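For the sequence shown, the residue numbers in my numbering are 443 to 628. Every residue gets a Cβ at the ideal spot worked out from N, C-alpha and C, and that includes glycine. Only a predicted model underlies this, so the values are computations on that prediction, with no experimental measurement involved.
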Amino acid sequence: MKRFCVLVNIAIRKQQRLSMDFFLETMTSVMYRLLQLKFETGSIGEAIRLGLLAFSSHIFLQWRDIQRPYIQFSASYKESLVSLKSLNGVSSDIVLWLLTVGRISVFGTSDDEWLKPWLRANSQLCTVHSWPAMRDVMESFLWIGALHDKPGKDLFESAMLQLSPQDNALWVGQIEYHRSSSYETK
């Protein structure tokens, strides 16, 4: 999937087209494999699998601004992400990507209440204070600029505008606590 994203970004930059066969073969191999994978509920593996499904569905299954609601998938993905708060050793970078991809792909504005404070807290932990820095984190995983830059930037900027010291301290404190407890038990 990373190779696919790189090739799409290059093709867009060079104003070239990718073959429909390449697109369909990638869609088929990626989506079916992700659907067949099984991880423990609440694990980082399951959250990443659902994040990859959200990312892939946004690329492959939503055409020309026609978005289909994925209510059950959205609820499962949210549950998986929220359960990560209690897991130890989860990278803030991957959490940023999972939250951003989730919001762009399957979550709605009603999810902003829980998502944006968590996005702000993790961006602080990653020392991400600008859109270019955030975009670098996103590109280190999977990201197609032509599809994701505008909604990603809008999300990041709106989340950063709502920054309140109490809100941020609460989330950073919770994340720091879970991270530090992982080191104490090892």
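### Entirely enclosed alpha helix (DSSP H) segments - the stretch 458-530, minimum 4 residues
462-478, 486-502, 513-526
### Message
Quick check on the DSSP output: the alpha helix (DSSP H) that includes M602 runs from which residue to which?
### Response
587-603
#### Entry: When C568, L492, G484 are compared against V472, the one with the closest alpha-carbon
The shortest Cα separation from V472 among C568, L492, G484 belongs to L492.
### Query
Do the stretch 451-462 and the stretch 596-604 touch if we need at least three Cβ pairs shorter than 8 Å?
no
### Task
Could you please give the first and the last residue of the uninterrupted alpha helix (DSSP H) stretch that includes M580?
573-581
### Query
With V570 and L538 assumed to form a contact (beta carbons below 8 Å), what rounded beta-carbon distance in angstroms separates them?
7 Å
### Query
Going by the beta-carbon positions, is the gap between M443 and L494 smaller than 8 Å?
yes
#### Entry: V537, enclosing alpha helix (DSSP H) - first and last residue
534-547
### Task
Drop a sphere of 10 angstroms on the beta-carbon of Y519, count the other beta-carbons inside from all chains shown, and report buried for 16 or more, exposed for fewer.
buried
### Query
What residue range is occupied by the uninterrupted alpha helix (DSSP H) comprising K567?
Residue identity check: residue 567 is Leu in the sequence provided, not Lys. L567 -> alpha helix (DSSP H) spans 554-567.
### Message
What does the Cβ neighbour count give for S533, buried or exposed, with the cut at 16 atoms within 10 Å?
### Response
exposed
### Query
First and last residue of the alpha helix (DSSP H) that includes K444?
444-455
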